[in-house]
Amino acid sequence: MLTSGELKQQILSCSIMLAILEEYCNIVRSDDTGLNTLEHFKAKKQFEDSDLLKTFCMTLQAMVTIVNSFDTANSMQMYLFKQLLTVMETVLTWGFLLPNLRNVRVRHSLSKSIIDTSETVTKALHAPPLRLQAQWKSVIFDPKVLEVFFHTYWKLREIDDLQPKALTCILQLSTLRGPIITENIDESMSYLANYLTHFLSLMTNIELKDKEAYSFSLILRKLFQFLPTDMLKMLPNSLFDASMQQCFTLTMKFFEQSAAEESVAPDEALYVDALSNMLGIWLAFFDDKRNYPIEPMLPYIMQMFEKYVQCHLAPPQGIRGATGRDGEGGENEITELEESDRERFKEQLTVMGFFGRQILQHALGLLAKLLEDRTRKLGTQLHMLHSMQSLSISDGVNLENLFEDLHWLLLISGHVIAMESVGETPMIPEPILTFCKQQVESGTTDVTNSLKLLASPNQDIQEIPNAESNVDPVIRLMAAGFRLCELEKTAIEVRMYQFLSPELSATTMWFLRHWCGTYVMSAYEPSANHIFSNAFGVGTAGALWVINYLLNKICLNAQNLRAEPAVMEETIELLLALQRNRYRAQTIFNSEYFRSICDLKSFELPMAVKRKLLRGFVTIGGSIEGEEIRSEYIMRIVQGTKEKFNLLQTTLQQQAHLHQSEQFKQKVIEVLEETIGCVEGAYDNLILTLFNEIEPICKQLSTFMSLYRNDTVIVELVLELLNELERSAEVKEVRAALHQYSMHVIGVYVKNNSNRISLDPTNNERDPQDLILILKLIHGISASRMANDEETLRQASDVCIFGLTNIVPLITTDLIRYPELCYQYYITITSFVDSKPHVVPALHPDFLKQLVASVELGLTSFTSEVELKCVEFIEAFAQVVRLHNNNESLVLAATAILPEADAGHDDRAED
Numbered sequence: 003m004l005t006s007g008e009l010k011q012q013i014l015s016c017s018i019m020l021a022i023l024e025e026y027c028n029i030v031r032s033d034d035t036g037l038n039t040l041e042h043f044k045a046k047k048q049f050e051d052s053d054l055l056k057t058f059c060m061t062l063q064a065m066v067t068i069v070n071s072f073d074t075a076n077s078m079q080m081y082l083f084k085q086l087l088t089v090m091e092t093v094l095t096w097g098f099l100l101p102n103l104r105n106v107r108v109r110h111s112l113s114k115s116i117i118d119t120s121e122t123v124t125k126a127l128h129a130p131p132l133r134l135q136a137q138w139k140s141v142i143f144d145p146k147v148l149e150v151f152f153h154t155y156w157k158l159r160e161i162d163d164l165q166p167k168a169l170t171c172i173l174q175l176s177t178l179r180g181p182i183i184t185e186n187i188d189e190s191m192s193y194l195a196n197y198l199t200h201f202l203s204l205m206t207n208i209e210l211k212d213k214e215a216y217s218f219s220l221i222l223r224k225l226f227q228f229l230p231t232d233m234l235k236m237l238p239n240s241l242f243d244a245s246m247q248q249c250f251t252l253t254m255k256f257f258e259q260s261a262a263e264e265s266v267a268p269d270e271a272l273y274v275d276a277l278s279n280m281l282g283i284w285l286a287f288f289d290d291k292r293n294y295p296i297e298p299m300l301p302y303i304m305q306m307f308e309k310y311v312q313c314h315l316a317p318p319q320g321i322r323g324a325t326g327r328d329g330e331g332g333e334n335e336i337t338e339l340e341e342s343d344r345e346r347f348k349e350q351l352t353v354m355g356f357f358g359r360q361i362l363q364h365a366l367g368l369l370a371k372l373l374e375d376r377t378r379k380l381g382t383q384l385h386m387l388h389s390m391q392s393l394s395i396s397d398g399v400n401l402e403n404l405f406e407d408l409h410w411l412l413l414i415s416g417h418v419i420a421m422e423s424v425g426e427t428p429m430i431p432e433p434i435l436t437f438c439k440q441q442v443e444s445g446t447t448d449v450t451n452s453l454k455l456l457a458s459p460n461q462d463i464q465e466i467p468n469a470e471s472n473v474d475p476v477i478r479l480m481a482a483g484f485r486l487c488e489l490e491k492t493a494i495e496v497r498m499y500q501f502l503s504p505e506l507s508a509t510t511m512w513f514l515r516h517w518c519g520t521y522v523m524s525a526y527e528p529s530a531n532h533i534f535s536n537a538f539g540v541g542t543a544g545a546l547w548v549i550n551y552l553l554n555k556i557c558l559n560a561q562n563l564r565a566e567p568a569v570m571e572e573t574i575e576l577l578l579a580l581q582r583n584r585y586r587a588q589t590i591f592n593s594e595y596f597r598s599i600c601d602l603k604s605f606e607l608p609m610a611v612k613r614k615l616l617r618g619f620v621t622i623g624g625s626i627e628g629e630e631i632r633s634e635y636i637m638r639i640v641q642g643t644k645e646k647f648n649l650l651q652t653t654l655q656q657q658a659h660l661h662q663s664e665q666f667k668q669k670v671i672e673v674l675e676e677t678i679g680c681v682e683g684a685y686d687n688l689i690l691t692l693f694n695e696i697e698p699i700c701k702q703l704s705t706f707m708s709l710y711r712n713d714t715v716i717v718e719l720v721l722e723l724l725n726e727l728e729r730s731a732e733v734k735e736v737r738a739a740l741h742q743y744s745m746h747v748i749g750v751y752v753k754n755n756s757n758r759i760s761l762d763p764t765n766n767e768r769d770p771q772d773l774i775l776i777l778k779l780i781h782g783i784s785a786s787r788m789a790n791d792e793e794t795l796r797q798a799s800d801v802c803i804f805g806l807t808n809i810v811p812l813i814t815t816d817l818i819r820y821p822e823l824c825y826q827y828y829i830t831i832t833s834f835v836d837s838k839p840h841v842v843p844a845l846h847p848d849f850l851k852q853l854v855a856s857v858e859l860g861l862t863s864f865t866s867e868v869e870l871k872c873v874e875f876i877e878a879f880a881q882v883v884r885l886h887n888n889n890e891s892l893v894l895a896a897t898a899i900l901p902e903a904d905a906g907h908d909d910r911a912e913d
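Position 163 of the sequence shown, counting from 1, maps to 165 under my numbering, and the rest follow consecutively.
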């Protein structure tokens with residue numbers, strides 16, 4: 003039928019093939035017709051081995067026949083070609099069974115829901131690689147196959163209805179993997195060379211379109227990042243060099259287009275994602291220094307780094323906003339983007355930081371000169387505005403351009419001189435240590451002049467003799483940041499707030515935080531004679547000056563810029579970063595500015611900022627030597643919160659009718675937020691000192707829960723405070739009190755929510771955080787190993803039993819379908835059975851039945867992560883049964899799960 007030449011017959015043939023392919027391509031989503039999962043495996047395997055290749059060959063033959071005489075005006079022929087491409091797309095995106103999935107035992111170990119999740123997610127994210135079996139060898143390695151597909155794409159790329167499917171086909175052909183590649187090296191090399199030749203020829207003869215950018219970048223990434231290095235090295239030098247040049251050309255183009263995309267349509271990411279693929283290719287090469295030495299790549303790195311900087315500068319030196327995609331103008335569309343540039347372009351900035359560290363002399367010099375130049379121009383502009391007290395349209399544009407230039411220069415500079423270090427101690431990058439040491443040893447850097455520039459933020463670098471030629475390049479960048487701070491300080495002093503940029507202010511604070519956390523009083527200081535040890539080492543005058551300057555800047559921002567949330571957020575993050583190091587924390591405590599810093603807690607600040615501020619203050623208390631001084635300090639920090647609480651108590655006693663007023667509730671929220679911040683900052687034995695101060699507040703948590711049972715914010719804050727207390731409570735006295743408060747609060751919650759209405763999980767409401775927080779609290783208490791005395795363990799068990807037996811009945815089948823609540827529920831019950839096996843037999847049989855019923859549901863109804871937790875629950879429960887000598891009620895409960903567990907893993911059919 004397909005080769006009959008009759009269009010209707012050919013279209014019917016395609017429809018039949020598509021229906022058959024759809025039935026076999028998924029194990030779970032195909033019609034069951036009474037078959038179990040194992041039989042679906044067998045059917046799919048048989049189809050793969052016998053009929054899939056035939057389908058491919060027939061369709062390819064039909065494509066060859068039609069493509070050369072293709073008539074776009076013939077609607078029937080258009081429809082037929084679309085059907086043919088759909089068949090090819092289905093075959094080339096086929097989820098071939100991996101060799102280990104052909105094993106009967108492995109198939110038995112996979113449940114239907116896990117297979118379903120795997121197949122769905124795979125299709126949703128990316129088509130799987132093309133893992134062909136041996137029988138495909140003679141077909142797929144025929145050079146004419148690639149010629150047909152590339153020729154087809156070239157013919158169809160202007161037809162919007164057909165182009166995506168044709169592009170998917172050539173994309174999938176770049177993903178050829180598996181034994182067919184590794185076991186046929188010569189044929190594979192010919193295939194790879196043939197593919198690259200066709201691809202490069204296509205790229206040479208077309209003008210890349212927006213919709214092609216991502217797929218073409220993905221093709222190159224799949225070829226260069228995921229193929230074995232040995233294969234790539236076997237390519238002819240001319241072809242490899244041409245491919246590298248094409249990668250470079252596309253990367254440079256995507257730099258420009260992604261920057262234009264940011265200006266014209268910041269909510270789109272066609273070129274941003276394409277650029278991400280290209281940068282991934284370069285990083286893969288640079289990581290493999292053994293096979294790809296970095297020296298020959300340096301010209302590429304330098305040009306890409308310069309292009310990235312240029313794309314983020316305004317004309318005439320830069321091209322930011324000069325042109326949009328496809329020649330559009332640079333008019334910025336007003337959009338609401340929640341993420342900052344630092345978060346949105348984190349990957350790009352990280353890669354640029356890496357690039358910059360490969361060409362340090364060039365990168366540091368370029369960035370420093372640009373920063374100094376833009377800061378100088380900003381100073382001139384602000385001085386002119388101050389004298390005129392008005393802003394023309396052109397002045398406004400110039401000012402915005404300067405702000406944006408400085409914003410991006412700080413982001414790039416920060417990522418060059420320091421790396422992100424989440425959850426680990428930051429270290430100065432080794433290339434920077436080596437480079438700066440060499441600069442000193444060669445006489446290029448003058449240490450004294452470098453320190454002089456750093457400590458002179460009120461002076462332009464041009465005012466310090468020889469500074470532009472002999473200052474350490476890293477310190478020069480840091481000094482440029484301080485110079486910008488000084489400029490902002492001057493503008494604030496003359497009340498030019500309206501001419502400042504909150505975004506630039508926030509980025510400046512990030513820049514200071516980013517490098518200070520790495521360089522100032524570093525836990526891993528360089529050698530004693532290194533310039534950074536002299537400038538920023540523990541106990542040095544330079545480090546003391548830097549910390550005092552930063553503390554002064556923090557005070558200045560809090561006093562004058564606290565109306566800007568982003569600025570205050572970064573300002574407090576700077577304080578938190580400084581106090582993470584014990585030496586810096588001690589320096590802060592002894593600083594002349596610290597009293598002013600402490601006064602910030604009385605300022606009207608956003609609650610999220612106030613919470614972080616108090617967390618930082620309490621953490622600093624851990625560095626104070628002397629119990630008496632530390633206790634007095636903590637008392638001072640908490641004093642304001644306690645005064646607010648005492649006022650609440652007095653009002654409740656004397657004017658109880660006011661407790662439901664919005665003003666009163668806001669005060670309750672403030673007290674809870676501030677207390678949470680304090681507890682977040684406590685660690686080790688500091689929690690006992692703090693707890694003695696906040697105990698009166700904690701004793702009233704159940705009262706707050708009762709009075710404000712319908713106020714979601716207060717209920718969640720009460721539960722959040724208990725969770726933070728649980729994480730910090732490392733001493734017996736605090737833990738005992740925590741258990742008592744938890745019992746009271748959970749009791750009040752259960753009383754107020756016994757008739758809770760089930761929610762609709764299909765709407766846009768968030769997960770029920772109150773239940774999630776209670777489950778987290780129970781999980782934390784049950785899993786805690788902080789106290790090992792019998793009385794504390796008994797109290798913990800009592801809280802867990804009371805909590806679970808009262809909370810589990812509240813979690814209906816509707817509520818448990820909320821993803822976060824669902825996962826937390828199964829984590830909690832599994833942790834409880836695993837950590838408290840001695841109390842499980844004492845649980846009421848009806849409650850055990852509820853737990854078992856929920857595990858049965860979890861085995862078949864939710865995600866693979868939940869199913870795994872259910873399996874862990876069964877394993878832990880089996881250990882409990884064994885531990886208690888096959889207790890009858892436990893055995894009955896355990897056997898109730900087994901049929902469902904067996905069903906979840908499908909019938910154990912014979913092979």
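For glycine and all other residues, C-beta sits at the position ideal for the given N, C-alpha and C. Here the structure is a predicted model, which means the values were calculated and not measured.
- Cβ contact annotation for K10 (same chain, cutoff 7 Å, sequence separation greater than five): none.
- Under the Cβ criterion (8 Å, minimum of three pairs), the stretch 871-888 counts as touching the stretch 828-844.
- For the pair L229 and I182, the CB atoms are not nearer than the 7 Å cut-off.
- Distance between V868 and T253, taken at the CA atoms: about 41 Å.
- For L169, the enclosing alpha helix (DSSP H) covers residues 165-175.
- Contact between the stretch 499-507 and the stretch 462-480 is absent: fewer than three C-beta pairs spanning the two stretches fall below 8 Å.
- Here I556 has T573, L576, L577, I599 as same chain residues with Cβ atoms under 7 Å from its own Cβ, once five neighbours each way along the sequence are excluded.
- The three-state reading of DSSP puts L229 in coil, since its state is none of H, G, I, E or B.
- Rounded to whole angstroms, the gap between the alpha carbons of F534 and V540 is 11 Å.
- The three-state reading of DSSP puts L178 in strand, counting E and B together.
- The count of Cβ pairs closer than 8 Å, one atom from the stretch 653-660 and one from the stretch 578-587, stays below three, leaving the stretches out of contact.
- For the options I631, Q662, N687, I716, the alpha carbon positioned closest to that of V673 is the one of I716.
- Contact between the stretch 404-423 and the stretch 348-364 is present: 3 or more CB-CB pairs across the two stretches fall below 8 Å.
- Secondary structure at L489: helix, using DSSP grouped into helix, strand and coil.
- Cβ-Cβ separation between R617 and G544: approximately 28 Å, too far for a contact (criterion under 8 Å).
- When DSSP states are grouped into helix, strand and coil, R582 belongs to the coil group.
- When the five nearest sequence neighbours on each side are left out, the beta carbons in the same chain lying within less than 8 Å of the beta carbon of D448 are those of N468, N472, V473, in order along the chain.
- Taking C-beta atoms under 8 Å as the contact rule, F875 and T832 qualify, at a distance of about 4 Å.
- Inclusion of Y751 and L703 in the CB contact set at 7 Å is not warranted, their separation being larger than that value.
- Under the three-state reduction of DSSP, R787 is assigned to coil, being neither helix nor strand.
- If you draw a straight line from the Cα of F226 to the Cα of M236, it is about 13 Å long.
- Sequence-distant Cβ neighbours of I774 in its own chain, meaning closer than 7 Å and more than five residues away, are E822, L823, Q826.
- Linking K734 to E877 through their CA atoms gives a straight-line distance of about 32 Å.
- In this structure V141 does not touch V66 by the C-beta definition: roughly 13 Å separates them, more than the 8 Å allowed.
- For F605, no alpha helix (DSSP H) segment is defined, and its DSSP state is neither H nor E.
- Three or more pairs of CB atoms, one per stretch, sit closer than 8 Å, so the stretch 622-630 contacts the stretch 684-701.
- Leaving aside the five residues that flank D769 on each side, the residues in its chain whose CB is nearer than 6 Å to its CB run, in chain order, Y820, E822, L823.
- Rounded to the nearest whole angstrom, the C-alpha separation of V873 and L861 is 8 Å.
- In the DSSP annotation of this structure, I463 is not part of any alpha helix (DSSP H), being labelled neither H nor E.
- Distance between E50 and R613, taken at the CA atoms: about 60 Å.
- Listed in chain order, the non-local C-beta contacts of M609 below 6 Å within the same chain comprise E675, local neighbours out to five positions each way being set aside.
- The criterion of a C-beta distance shorter than 7 Å is not satisfied by S786 and C802.
- Residues of the same chain with a CB within less than 8 Å of the CB of L204, apart from the 5 flanking positions on each side, are F152, Y155, W156 in chain order.
- Within the same chain, Cβ atoms closer than 6 Å to the Cβ of E726 are found at I678, V681, E682, the five residues on either side in sequence being excluded.
- Assigned with DSSP and collapsed to three states, L198 falls in helix.
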